[in-house]
Amino acid sequence: MLYKIGEKISVDLSEYLKEHTNEADRATVANQHNYGPSILNAVIKRNRNVTSENCPMLNDVMKIAIQTRNHKKQYFDKTHRQILKEVEA
229 MLYKIGEKIS
239 VDLSEYLKEH
249 TNEADRATVA
259 NQHNYGPSIL
269 NAVIKRNRNV
279 TSENCPMLND
289 VMKIAIQTRN
299 HKKQYFDKTH
309 RQILKEVEA
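Residue numbers for the sequence shown follow this note's numbering, beginning at 229 and rising by one.
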């Protein structure tokens with residue numbers, strides 16, 4: 229499990245969220261939930277536990293991370309195919 233209420237998020241989830249979101253993404257999500265970004269950043273950096281109050285905010289930032297990762301994957305897959313064509317030509 230990537231996270232449980234009352235515990236810190238997993239190291240894997242922390243790294244994933246740091247890789248695929250930025251400070252602006254996190255600030256936007258925090259503001260939408262009427263929190264300051266420091267709370268969300270502390271959860272992502274594993275300095276705070278997940279609570280029932282910050283869990284919806286964590287779920288929303290996970291959705292952004294998934295979208296960002298999928299966009300990056302599409303871009304790099306396309307670029308990879310182009311590079312292969314050049315190398316194999």
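The beta-carbon is built from N, C-alpha and C at its ideal position, and this holds for glycine as well.
Within the continuous alpha helix (DSSP H) that includes residue i, where are the two ends?
i      : result
Ile261 : Rather than Ile, the amino acid found at residue 261 in this sequence is His. No alpha helix (DSSP H) contains His261, which DSSP labels as neither H nor E.
Asn298 : Cys283 to Glu316
Leu245 : Val239 to His248
Please report the distance separating the alpha-carbon of residue i from that of residue j.
i      : j      : result
Asn384 : Gln310 : A question about residue 384 goes unanswered here, because the residues of the chain that appear run from 229 up to 317.
Ser280 : Leu286 : 10 Å
Asn262 : Ala270 : 16 Å
Gln260 : Val315 : 47 Å
Ala255 : Ile237 : 19 Å
Lys232 : Leu241 : 12 Å
With a threshold of 7 Å between beta-carbons, can residue i be considered close to chain D, or not?
i      : result
Thr279 : Of the chains in the structure shown, none is chain D; there is only one protein chain.
Is it buried or exposed, residue i, if we count other Cβ atoms within 10 angstroms and call 16 or more buried?
i      : result
Ala317 : exposed
Met229 : exposed
Ala258 : buried
Leu268 : buried
Val239 : exposed
Helix, strand or coil: how does DSSP classify residue i here?
i      : result
Thr277 : Before going on, a small fix: residue 277 reads as Asn here, not Thr. DSSP places Asn277 in coil when its eight states are reduced to three.
Ile188 : Not covered by the structure: residue 188. The range shown for the chain is 229 to 317.
Review point. Between the stretch 233 to 253 and the stretch 294 to 305, do three or more beta carbon pairs fall short of 8 Å?
Key: Yes, since at least three Cβ pairs between the stretch 233 to 253 and the stretch 294 to 305 fall closer than 8 Å, the two stretches touch.
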